[in-house]
Amino acid sequence: MGFGMTRLIKVNSRKLLRVIIRVALVIAFWRVFFIKKPDKWLKKPDKEQLEASSASWEGKGGLNCRAVVLGDPDSQKTAQWLAQNRDYRRKVKLTDEYYINATQDCRDFRLTRGYATLAFHEEMDFPLAYSIVAHHKVENFERLLRAIYAPQNVYCVHVDTKANTTVAAAIANIASCFPNVFMVSQPVKVVYASWMRVQADLNCMSDLLHVSTEWKYFINLCGQDFPMKTNLEMVRDLKALEGENSIQFKPISKNQTWRVETTWAPVNGHMQSTGKARGPAPLDLSVLKGSAYIVACRGYINSVLTDSRIHELMEWCKDTYSPDEILWATTQQMPGVPGSISATSHVYQADSIARLVLWTGRSKCHGHFVREVCVFNVADLPWILSHHHLFANKFDVESDSVAVYCLEEYLREKRLAEIESDGK
């Protein structure tokens, strides 16, 4: 073989080697950044980060949250004293301006506030979608987001168009610090018990269906909810549903029929009856009542936005009182709707895992009532945690930040236990 041919083979061999190296690098890059990482690379969620975020909370005042949630009288007394102490409340309060300033450096904000950065494979394989509707109380919103945040989930945030400008700015800044948290594309002005509360969720549902994440279940929240379970626990509870929805629905009681007997309209920010009688529900549907809050599979959300029967029901619901409590419940009996229960099954779901709410006249509320709903305080925690729900409503850090703090500590301890057991 001549020198020229040998040189050509060597040159071509070098070119081929460079091509092979480049292909190998591309494959390696793809494996590292786009393919699910093995356990030792993904790692367990960061134990040190969880412990640091707990220790960074100022002014804990000797609180023993473990004893508080177990109902220990002395610990409860200390917690309640702290919750009502004005100086203490002023010391631990995080203002809207704090969030506006702190989010100028997103990396520092995420680290300082202790947001989750890693997850178990089981969680990665079962992402969740959230709609969060808020109009005030930024600290409440941010602590809720931090408690439910996971990098594989997606979060749509709706801020009422009538919200204070600093509230809107602070929440938008917080959302901008995360690639999987976004502001709804079409915010609306929400009036309590009006159709606009439904529309806010519908707009988030639409946005969430257009993200690239193939999330499995949808959960709608308000800014004063708080989780009772870790993300891993929620994933396992939702897997157990086997594709069904968890939506409260039962026959509307006689003392609640006023909600659908006449038409209602918002007047000066409040719903008022017009006195005009309403016709029966379309499609010969039995009107059911449930909760405004749902846990629903992806297929159900898609049907809500595309099924002409559901749209017909929506039109009928628009001038009822609190239409969300009618719409979700009634769709749960419609045949062919993913995750629903057949109308012929004669099975009603008086409860769902979506939300624990304490209404006037039920168990004792240690906090105070707003619109007949208990705003919990720290003394309610043992009762709350004796239930099976995913979330509880309502909390207000302005009236009792200790209740939320002790729930945060409770969830941190559970997460640490999950890490120690390697998610088993």
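Under the numbering used here, think of the first position of the sequence shown as 25, with each following residue one higher.
We put the beta carbon where it would ideally sit given N, CA and C, even for glycine.
Bear in mind that the values here come from a model prediction, so they are computed numbers and not experimental data.
Of the candidates VAL319, ALA403 and CYS201, VAL319 places its Cα closest to the Cα of TYR241. Going by DSSP, GLY323 is part of the alpha helix (DSSP H) stretching over 322–330. In the three-state reduction of the DSSP assignment, TYR112 falls in the helix class.
Per DSSP, SER155 is one residue of the beta strand (DSSP E) stretching across 152–158. Beta bridge pairing from DSSP links ASP249 with ASN417.
Distance from the CA atom of VAL157 to the CA atom of ALA199, rounded to whole angstroms, is 13 angstroms. DSSP links TRP288 through a beta bridge to SER297. For MET207, no alpha helix (DSSP H) segment is defined; the enclosing uninterrupted segment is the beta strand (DSSP E) at 205–207.
In the three-state scheme derived from DSSP, where H, G and I count as helix and E and B as strand, LYS240 is classed as coil. GLY363 and ASP404 have their C-alpha atoms spaced approximately 33 angstroms apart.
Only buried fits ASP231, as 16 or more other CB atoms lie within 10 angstroms of its CB. Residue pairing of LEU169 in beta bridges, as defined by DSSP: absent, with no partner found. For PHE202, the three-state secondary structure derived from DSSP is coil.
Secondary structure of HIS392 (DSSP, three-state): strand.
CYS180 places its beta carbon less than 7 angstroms from that of VAL208. With respect to GLY447, PHE150 sits apart: the two C-beta atoms are not nearer than 7 angstroms. 7 angstroms or more divides the Cβ of LEU106 from the Cβ of VAL428. Residue pairing of LEU309 in beta bridges, as defined by DSSP: absent, with no partner found. At a Cβ-Cβ threshold of 7 angstroms, TYR173 and ASN244 do not count as neighbours.
A contact between stretches requires three or more CB pairs, one per stretch, nearer than 8 angstroms, and the region 305–316 fails this requirement with the region 411–425. DSSP lists ALA416 as the bridge partner or partners of LEU380.
Excluding sequence positions up to five before and after SER270, its CB lies within less than 7 angstroms of the CB of VAL319, SER376, ILE377 and ALA378, all in the same chain and listed in chain order. Taking every protein chain shown into account, the CB of THR281 has fewer than 16 other CB atoms within 10 angstroms, so this residue is exposed. A contact between stretches requires three or more CB pairs, one per stretch, nearer than 8 angstroms, and the region 117–129 meets this requirement with the region 187–195.
Judged by beta-carbon spacing, LEU142 lies beyond the 7 angstroms limit of ASN177, meaning their Cβ atoms are not closer than that value. Partner residues in the beta bridge of CYS180, as assigned by DSSP, are SER155 and PHE206. Straight-line spacing of the CA atoms in GLY138 and GLY293 works out to 38 angstroms. With a cut-off of 8 angstroms on Cβ pairs, the region 223–230 is in contact with the region 324–336, counting three or more such pairs. Beta-bridge partners of VAL397 (DSSP): TRP383 and VAL394. Look at VAL319 here: in three-state DSSP terms it is strand. Counting along the chain, no alpha helix (DSSP H) covers MET358, and no H or E run does either.
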